[in-house]
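Under my numbering, residues 7 to 262 are what the sequence shown spells out, in order. For glycine and all other residues, C-beta sits at the position ideal for the given N, C-alpha and C. Scroll down for the structure; my scribbles are underneath it.
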Amino acid sequence: MDAVERRAEDRAIRGEGTTEDEWHQWPGLAALPAIEARELVPRGARAVVVAPHPDDEVLSVGGLLAQLADSGCAVQVIAVTDGTASHRGSTEWPAERLAKARPRESLRALQRLGLAIEPARLGLPDGGLQSMRAVLAARLVSLLQPRDVVFTTWRHDGHPDHEATGEACAVAAASAGARLVEVPVWGWHWSRPGDARMPWQHAFRLPLSEEAVRRKRAALQAFTSQLRRDVSTGSGPVLRATTVQRAARPYEVVFL
Ligand SMILES: [Zn+2]
Numbered sequence: 007m008d009a010v011e012r013r014a015e016d017r018a019i020r021g022e023g024t025t026e027d028e029w030h031q032w033p034g035l036a037a038l039p040a041i042e043a044r045e046l047v048p049r050g051a052r053a054v055v056v057a058p059h060p061d062d063e064v065l066s067v068g069g070l071l072a073q074l075a076d077s078g079c080a081v082q083v084i085a086v087t088d089g090t091a092s093h094r095g096s097t098e099w100p101a102e103r104l105a106k107a108r109p110r111e112s113l114r115a116l117q118r119l120g121l122a123i124e125p126a127r128l129g130l131p132d133g134g135l136q137s138m139r140a141v142l143a144a145r146l147v148s149l150l151q152p153r154d155v156v157f158t159t160w161r162h163d164g165h166p167d168h169e170a171t172g173e174a175c176a177v178a179a180a181s182a183g184a185r186l187v188e189v190p191v192w193g194w195h196w197s198r199p200g201d202a203r204m205p206w207q208h209a210f211r212l213p214l215s216e217e218a219v220r221r222k223r224a225a226l227q228a229f230t231s232q233l234r235r236d237v238s239t240g241s242g243p244v245l246r247a248t249t250v251q252r253a254a255r256p257y258e259v260v261f262l
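Shown next as structure tokens:
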């Protein structure tokens, strides 16, 4: 995730968002059809996670990645931006510091998931992906293979960069003959249980092992720049308590 912005008024990202207790009390989540990691990513296929910002790879499918790491599945992570716009106006976290820190945090997080891989970094501008969708799609086409399964942020996730990345991935995956799986990240924040703005009819629930949840939680803690209060601006952590709690779910939800 990244700096709080909004695109459409009905998907505005404000405050702490819907709490995990509220989601947990809604029976609709437990009733979603289940899907296993190997159904999503069949043997011989590669999982490619396209993350608008460093941390979206863990927030979206960190648990799945931990499980795939153990099964020997090929995994690639594509970092669209280096997340340099997460602390606007900050003297503690200027863009130059974030440009170094956030890719390092992502690397550490992937190690904690059990993956010894280095993300492919596209270096596109954080906060500026809406106008770069065609460029992003073209870059992705050159990196994708026909049997890939592409995981990315849902195209109606509410954050402009997340939506642009979802849209560009849809174009690129279709062009490359790859399969696309969209994952809500900010959607959990602004939507409510049973919310008609979420495409529940396309939602599947991927159960996670205890070990996968443990690694996902540890991986999220690697994003220290996003988890601390900013003394220079007085802003709270970019990753809210609600987001951190959500990462402890024993499942992940994907849209197919
Ligand atoms: Zn993001």
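Taking the CA atoms as reference points, leucine 104 sits about 16 Å from proline 125. Excluding its 5 nearest sequence neighbours in each direction, glutamate 22 has C-beta neighbours in its own chain below 6 Å: Arg246, Thr248, listed in chain order. In terms of Cβ geometry, leucine 65 and alanine 253 form a close pair [threshold 8 Å]. Inclusion of valine 250 and leucine 212 in the CB contact set at 8 Å is not warranted, their separation being larger than that value. DSSP places threonine 97 outside both helix and strand once states are collapsed to three, so it counts as coil. Looking from the CA of isoleucine 123, the closest CA among Ser112, Ala18, His168 belongs to Ser112. Counting only residues of its own chain and dropping the five nearest sequence neighbours on each side, leucine 128 has a CB closer than 6 Å to the CB of Val86, Arg145. The DSSP assignment places complete alpha helix (DSSP H) segments of no fewer than 4 residues inside the segment 81 to 134 at 101 to 119, in order along the chain. Per DSSP, reduced to three states, the secondary structure at proline 213 is strand. Beta bridge pairing from DSSP links leucine 186 with Val156.
Under the three-state reduction of DSSP output, alanine 75 falls in the helix class.
Judged by DSSP secondary structure, alanine 57 falls within the beta strand (DSSP E) whose first and last residues are 52 to 57.
Nearest to tryptophan 192 by alpha-carbon distance, out of Ala36, Glu63, Lys106, is Glu63. Per DSSP, the beta bridge partners of valine 259 are Arg211. The Cβ atoms of serine 92 and valine 237 lie no closer than 8 Å to each other.
If you ignore the 5 residues before and after arginine 114, its C-beta comes within less than 7 Å of the C-beta of Ala228, all in its own chain and listed in chain order.
DSSP places alanine 254 outside both helix and strand once states are collapsed to three, so it counts as coil. Excluding residues up to 5 positions away in sequence, Leu130 lie with their Cβ nearer than 6 Å to the Cβ of methionine 138 in the same chain. Per DSSP, the continuous alpha helix (DSSP H) segment holding glutamine 232 begins and ends at 230 to 233. Under DSSP, no beta-bridge partner is assigned to alanine 144.
With a cut-off of 7 Å, the C-beta of histidine 93 is classified as distant from ligand 1, since no heavy atom of the ligand falls inside that distance.
If the five residues before and after tyrosine 257 are omitted, its C-beta is found closer than 7 Å to the C-beta atoms of Arg211, Leu212, Pro213, Leu214, all from its own chain and listed in chain order.
Approximately 11 Å separates the beta-carbon atoms of proline 58 and aspartate 88; this is outside 8 Å, ruling out the contact. Using a cutoff of 7 Å, the CB of proline 58 counts as near ligand 1, since one of the ligand's heavy atoms is closer than that.
DSSP, reduced to helix, strand and coil, places alanine 225 within a helical segment of the structure shown. Spanning the alpha carbons of valine 83 and valine 155 requires a straight line of approximately 12 Å.
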